[in-house]
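For what it's worth, our numbering labels the leading residue of the sequence shown as 405, then goes sequentially.
Since the structure comes first, as structure tokens, the remarks are kept for the end.
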Amino acid sequence: MDNLPVHPADWMEETVKRHGDRLYRTALVMLGGKADAEDMVQDAFVKLIETRPRFQSPEHEAAWLIRVTVNLCKNRLRSHGWRKTVPLWDTYPARDEEEHTVVDMVSSLPPKYRTVIHLHHFEGYSVKEIAVLTGQTEAAVRKQHTRAKQLLKDCMKGVFA
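So this is what it looks like as structure tokens:
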């Protein structure tokens, strides 16, 4: 965006305020640990500072940052020696116990399903937008979303039966 504040620190502070929580929630859902999520968000903002891309709109800026965060998380998940060590619900900012239960069920899903569920249901992205953000086809995203919902239904039968 061309209308940046005069001082780079002001620009970065405003950018973190606008996108920090969203990126943190996305990384937390994918990785499951507070420290790892914080690292990925920090790395995404470092990437932003290093590349300083020009964005067409605030939505374009948000999508770029989420895509960078998702890719960083995927790389972390693929790295040798990495393991989730903290239960997600201990660090995810949920409003009440019921939301903690839902977040805990989502966190039990494999990462690719967690990501699709989070981006669609918690961040409000469409299947097409998720495909762009994750670098997948729309068909793959729809399939993952359907499978994730079925796994969650099965899980809910056990919890709420």
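Idealized CB from N, CA, C, for every residue including glycine.
Own chain residues within Cβ distance below 8 Å of residue i, not counting five before or after
i           : result
residue 556 : 509, 510, 513 and 521
residue 428 : 441, 442 and 445
residue 541 : 535
residue 457 : 468
Same chain, Cβ closer than 6 Å to residue i, five either side skipped, listed in chain order
i           : result
residue 444 : 431, 473, 476 and 477
residue 530 : none
residue 547 : none
Alpha carbon of residue i to alpha carbon of residue j, nearest angstrom
i           : j           : result
residue 535 : residue 413 : 33 Å
residue 420 : residue 525 : 22 Å
residue 416 : residue 558 : 43 Å
residue 450 : residue 545 : 28 Å
residue 532 : residue 523 : 11 Å
residue 418 : residue 454 : 17 Å
residue 434 : residue 483 : 14 Å
Whole-angstrom C-beta distance between residue j and residue i, which should lie under 8 Å
i           : j           : result
residue 481 : residue 469 : Their Cβ separation, rounded to whole angstroms, is 19 Å, which puts residue 481 and residue 469 out of contact at 8 Å.
Closest residue to residue i among the options (Cα-Cα distance)
i           : options               : result
residue 466 : 433, 437 and 426      : 426
residue 506 : 420, 560 and 447      : 560
residue 422 : 462, 524 and 518      : 462
residue 447 : 460, 424 and 519      : 424
residue 479 : 459, 515 and 548      : 515
residue 471 : 438, 527, 483 and 418 : 527
C-beta atoms of residue i and residue j nearer than 8 Å
i           : j           : result
residue 543 : residue 517 : no
residue 538 : residue 550 : no
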